[in-house]
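Student: Counting from 1, one number per residue, gives the positions in the sequence shown under the working numbering. We put the CB at the ideal spot given by N, CA and C, even for glycine. Treat the numbers as computed from the prediction; the structure is a model and nothing was measured.
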Amino acid sequence: MCGIVGYIGDKNVYPILIGGLQRLEYRGYDSAGIAIFNEDLKVYKCKGKVSDLENYVASKDVHGTVGMGHTRWATHGEPNDTNAHPHTSMNGNFVLVHNGIIENYAEIKSDLIKKGIVFKTETDTEVLCNLIEFYYEKGENVSAELAVRMALSKIVGAYGIVVFCKNEPDKLIAARKGSPLVVGIGRGEYFLASDATPIVEYTDSMIYLNDEDVAIVSKDGLTLKTIQNDPVAFKVTKVDLSIGDLEKGNFEHFMLKEIFEQPKTIADTFRGRIKADQSDIVLGGLIDVFPKLLAADRIIIIGCGTSWHAALVGEYMIEEYARIPVEVEYASEFRYRKPILGEKDVVIAISQSGETADTLAALKMAKEMGATILGVCNVVGSSISRETDGGVYTHAGVEIGVASTKAFTAQVTVMIMLALKLAKEKGTIAPELYGSLIRDLAEVPGKVKSILVKHPHIKEIAEKYKDAVNALYLGRGYLFPVALEGALKLKEISYIHAEGYAAGEMKHGPIALVDTNLPVVVVAAKDSYYEKIVSNIQEVKARKGNIIAVVTEGDSHLKEMCNDVFEIPKSHPAIAPLLAIIPLQLFSYYIAVLRGCNVDQPRNLAKSVTVE
Ligand code: M6R
Numbered sequence: 001m002c003g004i005v006g007y008i009g010d011k012n013v014y015p016i017l018i019g020g021l022q023r024l025e026y027r028g029y030d031s032a033g034i035a036i037f038n039e040d041l042k043v044y045k046c047k048g049k050v051s052d053l054e055n056y057v058a059s060k061d062v063h064g065t066v067g068m069g070h071t072r073w074a075t076h077g078e079p080n081d082t083n084a085h086p087h088t089s090m091n092g093n094f095v096l097v098h099n100g101i102i103e104n105y106a107e108i109k110s111d112l113i114k115k116g117i118v119f120k121t122e123t124d125t126e127v128l129c130n131l132i133e134f135y136y137e138k139g140e141n142v143s144a145e146l147a148v149r150m151a152l153s154k155i156v157g158a159y160g161i162v163v164f165c166k167n168e169p170d171k172l173i174a175a176r177k178g179s180p181l182v183v184g185i186g187r188g189e190y191f192l193a194s195d196a197t198p199i200v201e202y203t204d205s206m207i208y209l210n211d212e213d214v215a216i217v218s219k220d221g222l223t224l225k226t227i228q229n230d231p232v233a234f235k236v237t238k239v240d241l242s243i244g245d246l247e248k249g250n251f252e253h254f255m256l257k258e259i260f261e262q263p264k265t266i267a268d269t270f271r272g273r274i275k276a277d278q279s280d281i282v283l284g285g286l287i288d289v290f291p292k293l294l295a296a297d298r299i300i301i302i303g304c305g306t307s308w309h310a311a312l313v314g315e316y317m318i319e320e321y322a323r324i325p326v327e328v329e330y331a332s333e334f335r336y337r338k339p340i341l342g343e344k345d346v347v348i349a350i351s352q353s354g355e356t357a358d359t360l361a362a363l364k365m366a367k368e369m370g371a372t373i374l375g376v377c378n379v380v381g382s383s384i385s386r387e388t389d390g391g392v393y394t395h396a397g398v399e400i401g402v403a404s405t406k407a408f409t410a411q412v413t414v415m416i417m418l419a420l421k422l423a424k425e426k427g428t429i430a431p432e433l434y435g436s437l438i439r440d441l442a443e444v445p446g447k448v449k450s451i452l453v454k455h456p457h458i459k460e461i462a463e464k465y466k467d468a469v470n471a472l473y474l475g476r477g478y479l480f481p482v483a484l485e486g487a488l489k490l491k492e493i494s495y496i497h498a499e500g501y502a503a504g505e506m507k508h509g510p511i512a513l514v515d516t517n518l519p520v521v522v523v524a525a526k527d528s529y530y531e532k533i534v535s536n537i538q539e540v541k542a543r544k545g546n547i548i549a550v551v552t553e554g555d556s557h558l559k560e561m562c563n564d565v566f567e568i569p570k571s572h573p574a575i576a577p578l579l580a581i582i583p584l585q586l587f588s589y590y591i592a593v594l595r596g597c598n599v600d601q602p603r604n605l606a607k608s609v610t611v612e
């Protein structure tokens, strides 16, 4: 969602801000702006892309060595020039950028209006900016920092903010609660950002702020404290991210690059975790909590979107092999539906970003209720990973495309390893099967490669279906989550309405949709459900639906029956999701490109949903 970048030092700030905003584009946004101080404060902002902002400021004065930039994903107030950030306070003393939602803004705003403060925008952010100025002007000897802390103590909601005060131009003040913020440390310079991507080309030394931390940065140093003014000790983390990770290379889109990275990223996920002789699995981040996992009455896996689909694969596998009851919950439902939780429950949050607001809040709730909480995250140092008692990083590398691809296969890889390890420790899996599943997993990267080389064929099939209005995706067993994920990929980037269904549910409603225009994508690899899914295909065929099936190589029967097929190599059913999703990712990608859609930044979507 919104992206923040800030800088104070000796460098010309404009290229840092614009370059940073470009790197933040992947988060999703509808307007952009910058504020630069150089004797006076200049604020430039507009609706649209960062390139629109660049055009807008082309003839303006952008000199200065301190400033902030923002990409806005609208929550309060429509996306337009006025509502774009940075926001300035009524008397122009403060300028501020904000990521998050201020829940009690209406109440504060009406109080401030009664005190004569005039608002220019519809945003919650302007309310915070004016509240800071109100405290600054009202008290005697109130510094900018104190005014910020006083205002934040009145705020209910989530924020990551960077604040500048015209009368104290030698510093930037940053704070976070619920929305991520990182401080980058340079030589005589500091960077502020909502994640590492916009600043990694300048520094790899970062401090991830914790909730209610306030950082005051100047050319001379950094002070970290709480909103209550207590000093905070900080930990500097070295971020392992290269510029190449943030660029498309020879690929037309990040999504395509990330799809093609999967042979490597899946291997990176299990590297060092599958023993060299492929006889065992070691999950270092879970060693301390493994006894709790083994003794758990129940495992609850929470997540949103794609991560929720990966959780479903985990549920099927843990229950089948480790025989521990598992529930999978949408984090957004779980956090509000008053679930029953206790000390014998283990809650695992799956999240690529580690910042999804609902997942983070659900996890904190589970912690308060006494459950052991674990994380499966991709972004190292993210809020979820820091909140948990233990966890597993997916090591998929930075994912920039809004449509999650390599993160999904990495999450599923972790679920497979976790299920197998639990099963082994519980003694619920035969040693031969344990060993053979580990070997199957180790073979996945090679098999994924063999699917990727068939991309021209997948593109041809995409051409045939690119004008579809609706699509139905069906799967059973381990391939049901793949059907859900395939449908999500298609709808989010091509805007074709797509439904994922358990194939057995088809006759309970979705079959009514089947006609000569409806593409029905059936994930039908050879497993114990095969005969049943073949019957489902017959039922669709009898109603003249167009069937595109993901089939196991050599399945001539389905090849004859279906209009089009994507072949995947033979594998164990529990491993098959890692293969079956690949052609579906490419299918969605090509359809979206052929329809002229913005694949990496689909409309209305944000990479990481940091507000609920
Ligand atoms: O960062 P997270 O894994 O917590 O994100 C969860 C969802 O927002 C995410 O998977 C979303 O559904 C993607 N756009 C799917 O491609």
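Does the distance between the C-beta of G402 and the nearest non-hydrogen atom of the ligand M6R fall short of 7 Å?
Tutor: Residue numbering aside, residue 402 sits at position 402 when the sequence shown is read from its first letter. The sequence shown places Val at residue 402, rather than the Gly named in the question. Under cutoff, so the answer is yes.
Student: Among S353, G33 and I416, whose alpha-carbon lies nearest the alpha-carbon of H572?
Tutor: Counting from one through the sequence shown, the residue named residue 572 turns up at place 572. Checking every option, the nearest Cα to that of H572 belongs to I416.
Student: Return the CA-CA distance between V609 and D358, expressed in angstroms with no decimal places.
Tutor: One-based indexing of the sequence shown puts residue 609 at position 609. One-based indexing of the sequence shown puts residue 358 at position 358. Roughly 8 Å between the two C-alpha positions.
Student: Under the criterion of a Cβ to heavy atom distance below 7 Å, does S353 qualify as lining the ligand M6R?
Tutor: Residue 353 sits at position 353 when you count from the first residue of the sequence shown. Yes, the Cβ of S353 comes within 7 Å of a heavy atom of the ligand M6R.
Student: For I155, which residues of its own chain have a beta-carbon under 6 Å away from its beta-carbon, when the five flanking residues on both sides are left out?
Tutor: As a position in the sequence shown, residue 155 is number 155, starting the count at 1. Closer than 6 Å at Cβ, skipping near neighbours: I102.
Student: For A32, I'd like the list of residues in its chain whose CB is within less than 8 Å of its CB, leaving aside the five on either flank, ordered along the chain.
Tutor: Residue mapping note: residue 32 aligns to position 32 of the sequence shown, counting from 1. Only L21, K45, C46, G48, K49, V50, D52, L53, G69, H70, T71, R72 and A84 meet the Cβ criterion.
Student: With H, G and I counted as helix, E and B as strand and the rest as coil, what does DSSP make of L241?
Tutor: Within the sequence shown, numbered from 1, the residue matching residue 241 stands at position 241. Three-state result, L241: coil.
Student: To the nearest angstrom, report how far apart E327 and R337 are at their CA atoms.
Tutor: Walking along the sequence shown from the start, residue 327 turns up at place 327. Walking along the sequence shown from the start, residue 337 turns up at place 337. Roughly 14 Å separates the two Cα atoms.
Student: How about G178 and G303: are their beta carbons less than 8 Å apart?
Tutor: One-based indexing of the sequence shown puts residue 178 at position 178. One-based indexing of the sequence shown puts residue 303 at position 303. It is not a contact, given that the beta carbons lie outside the stated cut-off.
Student: With respect to the beta strand (DSSP E) encompassing A549, which residues constitute its N-terminal and C-terminal limits?
Tutor: Against the sequence shown, residue 549 aligns to sequence position 549. Element bounds for A549: N546 to T552.
Student: Assuming A371 contacts G342 (C-beta within less than 8 Å), just tell me the rounded distance between them.
Tutor: On the sequence shown, position 371 is the one that residue 371 refers to. On the sequence shown, position 342 is the one that residue 342 refers to. Sure, about 7 Å apart at Cβ, within 8 Å.
Student: List, from N- to C-terminal side, the beta strand (DSSP E) runs of 3 residues or more that fit wholly inside the region 60-101.
Tutor: Counting only runs of 3 or more, we get 66-72 and 94-99.
Student: State the DSSP-derived secondary structure class of L358, mapped to helix, strand or coil.
Tutor: The residue you call residue 358 lines up with position 358 of the sequence shown. Checking the sequence, you will find Asp at residue 358 rather than Leu. Residue state, collapsed to three classes: helix.
Student: Decide yes or no for the touch test of the region 182-194 against the region 253-265: beta carbon pairs closer than 8 Å, at least 3 of them.
Tutor: The answer is no - the region 253-265 does not touch the region 182-194, with fewer than three Cβ pairs under 8 Å.
Student: Under 6 Å Cβ to Cβ from P445, same chain only, skipping five residues before and after it: list those, please.
Tutor: Stepping through the sequence shown from its first residue, residue 445 is reached at position 445. Answer for P445: P263, I266 and A267, listed in chain order.
Student: Please work out which residues of its chain come closer than 7 Å, Cβ to Cβ, to L479, disregarding the five sequence neighbours upstream and downstream, and give them in chain order.
Tutor: On the sequence shown, residue 479 is found 479 positions in, with the first residue counted as 1. Hits under 7 Å: V523, A525, A576, P577 and A580.
Student: Buried or exposed, going by whether 16 or more other CB atoms sit within 10 Å of the CB of S307?
Tutor: For the purposes of this step, residue 307 is taken as the residue at position 307 of the sequence shown. S307 is buried by the Cβ-count criterion.
Student: Please check if any C-beta of chain D sits within less than 8 Å of the C-beta of V482.
Tutor: The structure shown has no chain D; it contains just one protein chain.
Student: For the ligand M6R, is there a heavy atom less than 7 Å away from the beta-carbon of V609?
Tutor: As a working mapping, residue 609 is identified with position 609 in the sequence shown. Under cutoff, so the answer is yes.
Student: Is I340 closer than 8 Å to I451 when the C-beta atoms are compared?
Tutor: Within the sequence shown, numbered from 1, the residue matching residue 451 stands at position 451. Within the sequence shown, numbered from 1, the residue matching residue 340 stands at position 340. No, Cβ-Cβ distance for I451 and I340 is not below 8 Å.
Student: Within the region 328-356, note down every full beta strand (DSSP E) run reaching 3 residues or more, in order along the chain.
Tutor: Correct list: 345-351.
Student: Please list, in chain order, all residues of the same chain as E39 whose beta carbon is under 8 Å from its beta carbon, the five residues on each side excluded.
Tutor: Mapped onto the sequence shown, residue 39 falls at position 39. Counting only Cβ-Cβ distances below 8 Å, and skipping sequence neighbours, we find nothing.
Student: Between the C-alpha atoms of K617 and A366, what's the straight-line distance to the nearest angstrom?
Tutor: The requested residue 617 is not part of the displayed model; the chain covers only 1 to 612.
Student: What runs of the beta strand (DSSP E), each 3 residues or longer, lie entirely inside the region 413-478?
Tutor: The region 413-478 contains these whole beta strand (DSSP E) runs: 470-475.
Student: Please tell me whether A592 and R27 are closer than 8 Å, where the distance is taken between their beta carbons.
Tutor: The sequence position of residue 592 within the sequence shown is 592, counting from 1. The sequence position of residue 27 within the sequence shown is 27, counting from 1. The answer is no: Cβ separation not under 8 Å.
Student: Can you say whether T356 is buried or exposed, counting buried as having 16 or more other CB atoms within 10 angstroms of its CB?
Tutor: Position 356 of the sequence shown holds residue 356. Buried, by the Cβ-count rule.
Student: Tell me whether L488, by its Cβ, gets closer than 7 Å to a heavy atom of the ligand M6R.
Tutor: Taking the sequence shown and counting its residues from 1, the one referred to as residue 488 is at position 488. Under cutoff, so the answer is yes.
Student: Specify, as a first and last residue, the run of the alpha helix (DSSP H) that K114 falls within.
Tutor: In the sequence shown, the residue the question calls residue 114 occupies position 114. Start and end: Y105 to K114.
Student: Among K454, D277 and S556, which has the Cα closest to the Cα of A442?
Tutor: Position 442 of the sequence shown holds residue 442. It is D277.
Student: I want to know whether the region 104-113 touches the region 149-165 - three or more CB-CB distances under 8 Å.
Tutor: Yes, the region 104-113 touches the region 149-165.
Student: Within a Cβ cutoff of 6 Å, which residues of the same chain sit near H455, ignoring the five residues on either side of it in sequence?
Tutor: In the sequence shown, counting from the first residue as 1, residue 455 sits at position 455. For H455, where only same-chain residues beyond five positions count, the Cβ hits under 6 Å are L586.
Student: Less than 8 Å separating the beta-carbons of V392 and V414?
Tutor: Counted from its first residue, the sequence shown places residue 392 at position 392. Counted from its first residue, the sequence shown places residue 414 at position 414. Yes, the pair counts as a contact, with Cβ atoms nearer than the cut-off.
Student: Which runs of the alpha helix (DSSP H) fall wholly inside the region 374-401 and span at least 4 residues, in chain order?
Tutor: Entirely contained in the region 374-401, the alpha helix (DSSP H) runs reaching 4 residues are, in chain order, 383-387.
Student: Is the separation between the beta-carbon of D515 and that of K559 shorter than 8 Å?
Tutor: On the sequence shown, position 515 is the one that residue 515 refers to. On the sequence shown, position 559 is the one that residue 559 refers to. Not in contact: D515 and K559 (Cβ atoms no closer than 8 Å).
Student: Should E261 be counted as a contact of the ligand M6R given a C-beta to heavy atom distance under 7 Å?
Tutor: Translated into the one-based positions of the sequence shown, residue 261 becomes position 261. Checking the Cβ of E261 against the ligand M6R gives no.
Student: Pair every Cβ in the region 192-205 with every Cβ in the region 2-21, then say whether three or more of these pairs are closer than 8 Å.
Tutor: These segments touch.
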